[in-house]
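A.B. asks: 73 is the number that the UniProt record's numbering gives to position 73 of the sequence shown; each next residue is one higher, with no gaps. Positions of the beta carbon are idealized from the N, C-alpha and C atoms, including for glycine. Remember, it's a predicted structure, so these values are computed and weren't measured experimentally. Sending over a structure as structure tokens; questions will come in a sec.
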Amino acid sequence: MAFLQQICLHRGAFNSFMAECEALRNIRHRNLVKIITSCSSIDFQGNDFKALVYELMPNGSLENWLHSSSQETNIGQSRVQNLNLLQRISIAIDVASALDYLHHHCVEPIVHCDLKPSNVLLDNDMIGHVADFGLAKFISESKMLNQTSSSVGVRGTIGYTAPEYGMGSEVSIHGDLYSYGILVLEMMTGKRPTDNLFEGGLNLHTYARMAFPDHITEIADKQLLQEVEATIVNGQRSQSNIIMDCLVSTIKIGVACSMESPQDRTVTSVVLSELHLIKKNLECNRANN
Numbered sequence: 001m002a003f004l005q006q007i008c009l010h011r012g013a014f015n016s017f018m019a020e021c022e023a024l025r026n027i028r029h030r031n032l033v034k035i036i037t038s039c040s041s042i043d044f045q046g047n048d049f050k051a052l053v054y055e056l057m058p059n060g061s062l063e064n065w066l067h068s069s070s071q072e073t074n075i076g077q078s079r080v081q082n083l084n085l086l087q088r089i090s091i092a093i094d095v096a097s098a099l100d101y102l103h104h105h106c107v108e109p110i111v112h113c114d115l116k117p118s119n120v121l122l123d124n125d126m127i128g129h130v131a132d133f134g135l136a137k138f139i140s141e142s143k144m145l146n147q148t149s150s151s152v153g154v155r156g157t158i159g160y161t162a163p164e165y166g167m168g169s170e171v172s173i174h175g176d177l178y179s180y181g182i183l184v185l186e187m188m189t190g191k192r193p194t195d196n197l198f199e200g201g202l203n204l205h206t207y208a209r210m211a212f213p214d215h216i217t218e219i220a221d222k223q224l225l226q227e228v229e230a231t232i233v234n235g236q237r238s239q240s241n242i243i244m245d246c247l248v249s250t251i252k253i254g255v256a257c258s259m260e261s262p263q264d265r266t267v268t269s270v271v272l273s274e275l276h277l278i279k280k281n282l283e284c285n286r287a288n289n
């Protein structure tokens, strides 16, 4: 089991925290990390704290798979980590499915506010589960864009936070779409949004957008390019073309979701439709070769 700790120091925080825990008990989706229970205690400094207890995900985080060269298994052996294109697209579908549920299929829309690879956990079957949504924002259906209600303030991580949040805009589902777009681009390029390459106005979104569609090979993750090259070496050029088409199409989705204007970002229903089509094409291509 893994614990996500929420320290409650200000007056009234306990009731708000427990109210959110109660609401989250009714949230069930295959791509959300299951909350097992909540607990409270006193830390070593004498401060009261509350914690959510989550289901353990044995394959760790997407962050580790994207940016670590190896991972230690449960029996202490080291294994090389590598996600192929089909696995990455499948995980992108998993995350989009979780967001679609939180945004459109809960009693009240929930905005995650801190979507990033370290908050996407992988189970034994490499299915992605979004974590750390217990401290997200609950938004009234009637005031989706301009009113929030939660026990915590607006959070986020540099590089993944929507630009409008930095200008004082209220939390909205469009902010999660931006974070999702950046996450998809990171999965396809292998570059974090905080990479030293991105300075002087350049960011991961513009980096990908400027390369689209004719220079994708210049920005794609080397591991994915090796997958393309392997098919060429094996005399399967048509298969390599399909893999490249799927890679380009997925990067296009990442760019569309991370547009600067919130209203220009592609919604989760469209994202899911396009990603499922990309995955189907990739699977059919593999089955025919």
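Let's see if you can read the secondary structure: which residues bound the beta strand (DSSP E) around A51?
C.D. replies: Within the sequence shown, the letter at position 51 stands for residue 51. Run containing A51: 48-54, per the beta strand (DSSP E) assignment.
A.B. asks: In three-state DSSP terms, what is I36?
C.D. replies: If you number the sequence shown from 1, residue 36 lands on position 36. Strand, per DSSP.
A.B. asks: In its own chain, which residues sit with a C-beta less than 7 Å from the C-beta of A208, not counting the 5 before and 5 after it?
C.D. replies: As a first step, residue 208 must be located in the sequence shown, where it is residue number 208. Same-chain partners within the cutoff: L185, T189, I219, I251, G254, V255.
A.B. asks: Decide if T231 is buried, meaning its Cβ has at least 16 other Cβ atoms within 10 Å, or exposed.
C.D. replies: Locating residue 231 in the sequence shown gives position 231, counting from the first residue. By the 10 Å Cβ count, T231 comes out buried.
A.B. asks: Are at least three pairs of beta-carbons, each pair with one atom in the region 221-236 and one in the region 259-278, less than 8 Å apart?
C.D. replies: Cβ pair count under 8 Å is below three, so no.
A.B. asks: Between which two residues does the alpha helix (DSSP H) holding G128 run?
C.D. replies: Here residue 128 refers to the residue found at position 128 of the sequence shown. First-last for G128: 128-130, but that is the beta strand (DSSP E), not the alpha helix (DSSP H).
A.B. asks: At what residues does the alpha helix (DSSP H) containing V120 begin and finish?
C.D. replies: As a first step, residue 120 must be located in the sequence shown, where it is residue number 120. Per DSSP, V120 belongs to no alpha helix (DSSP H); it is in the beta strand (DSSP E), 120-122.
A.B. asks: Could you have a look at V233 and say whether DSSP puts it in helix, strand or coil?
C.D. replies: Taking the sequence shown and counting its residues from 1, the one referred to as residue 233 is at position 233. In the structure shown, V233 sits in a helix (DSSP, three-state: H, G or I).
A.B. asks: Determine the DSSP secondary structure at K252, reduced to helix, strand or coil.
C.D. replies: The residue you call residue 252 lines up with position 252 of the sequence shown. Reduced to three states, the DSSP call for K252 is helix.
A.B. asks: Under 8 Å by Cβ, that's how I've got L102 and I110 pegged, so tell me the actual separation to the nearest angstrom.
C.D. replies: The residue labelled residue 102 in the question sits at position 102 within the sequence shown. The residue labelled residue 110 in the question sits at position 110 within the sequence shown. Correct: roughly 4 Å between the Cβ atoms.
A.B. asks: Put L272 into one of helix, strand or coil per three-state DSSP.
C.D. replies: Your numbering for residue 272 matches position 272 in the sequence shown. It is helical.
A.B. asks: On the DSSP bridge list, what partners appear for V111?
C.D. replies: In the sequence shown, residue 111 corresponds to position 111, counting from 1. Paired residues: K137.
A.B. asks: Ignore the nearest five residues each way along the sequence and tell me which others in S240's own chain have a CB closer than 7 Å to its CB.
C.D. replies: Here residue 240 corresponds to residue number 240 of the sequence shown, with the count starting at 1. Once the five neighbours on either side are set aside, the close Cβ partners of S240 are V228, T231, I232.
A.B. asks: Does the beta-carbon of C257 have 16 or more other beta-carbons within 10 angstroms, so that it is buried, or is it exposed?
C.D. replies: As a first step, residue 257 is located in the sequence shown; it is residue number 257 there, counting from the start. When all chains shown are included, C257 counts as buried.
A.B. asks: Determine the direct distance from the alpha carbon of A162 to that of G168, and round the result to whole angstroms.
C.D. replies: By 1-based counting over the sequence shown, the position of residue 168 is 168. By 1-based counting over the sequence shown, the position of residue 162 is 162. For G168 and A162, the distance between alpha carbons rounds to 11 Å.
A.B. asks: Write down the C-beta distance between K116 and Y160 rounded to the nearest angstrom, noting that I regard them as a contact closer than 8 Å.
C.D. replies: Against the sequence shown, residue 116 aligns to sequence position 116. Against the sequence shown, residue 160 aligns to sequence position 160. Confirmed, about 5 Å.
A.B. asks: Looking at the unbroken alpha helix (DSSP H) that takes in E260, where does it start and where does it end?
C.D. replies: Indexing the sequence shown from 1 puts residue 260 at position 260. No alpha helix (DSSP H) holds E260; DSSP gives it neither H nor E.
A.B. asks: Is the distance from the Cβ of M126 to the Cβ of Q81 below 7 Å?
C.D. replies: On the sequence shown, residue 126 is found 126 positions in, with the first residue counted as 1. On the sequence shown, residue 81 is found 81 positions in, with the first residue counted as 1. No, these two residues do not count as a Cβ contact at 7 Å.
A.B. asks: Have a look at L183 and V271 and give me their C-alpha separation to the nearest angstrom.
C.D. replies: In the sequence shown, counting from the first residue as 1, residue 183 sits at position 183. In the sequence shown, counting from the first residue as 1, residue 271 sits at position 271. The alpha-carbon atoms of L183 and V271 are separated by roughly 13 Å.
A.B. asks: Could you give the residue range of the alpha helix (DSSP H) that holds I91?
C.D. replies: Here residue 91 corresponds to residue number 91 of the sequence shown, with the count starting at 1. Here the alpha helix (DSSP H) through I91 covers 85-104.
A.B. asks: Looking only at its own chain, which residues have a Cβ that is under 6 Å from the Cβ of Q45, when we skip the five neighbours before and after it?
C.D. replies: Locating residue 45 in the sequence shown gives position 45, where the first residue counts as 1. Contacts found: none.
A.B. asks: Report buried or exposed for C284, applying the criterion of at least 16 other Cβ atoms within 10 angstroms of its Cβ.
C.D. replies: What you label residue 284 is simply residue 284 of the sequence shown in a count that begins at 1. Answer is exposed; the Cβ neighbour count stays below 16.
A.B. asks: Mapping the DSSP letters down to three states, classify S238 as helix, strand or coil.
C.D. replies: The residue you call residue 238 lines up with position 238 of the sequence shown. S238: helix per DSSP, three-state reduction.
A.B. asks: What first and last residue would you give for the alpha helix (DSSP H) that runs through residue 294?
C.D. replies: With the chain running from 1 to 289 in the structure shown, residue 294 is simply not present.
A.B. asks: Pull up the distance between the alpha-carbon of A98 and that of N59, whole angstroms please.
C.D. replies: On the sequence shown, position 98 is the one that residue 98 refers to. On the sequence shown, position 59 is the one that residue 59 refers to. C-alpha separation (whole angstroms): 18 Å.
A.B. asks: If you drop the 5 nearest sequence neighbours on each side, which residues of the same chain put their C-beta closer than 8 Å to that of L197?
C.D. replies: In the sequence shown, residue 197 corresponds to position 197, counting from 1. For L197, where only same-chain residues beyond five positions count, the Cβ hits under 8 Å are K191, Y207.
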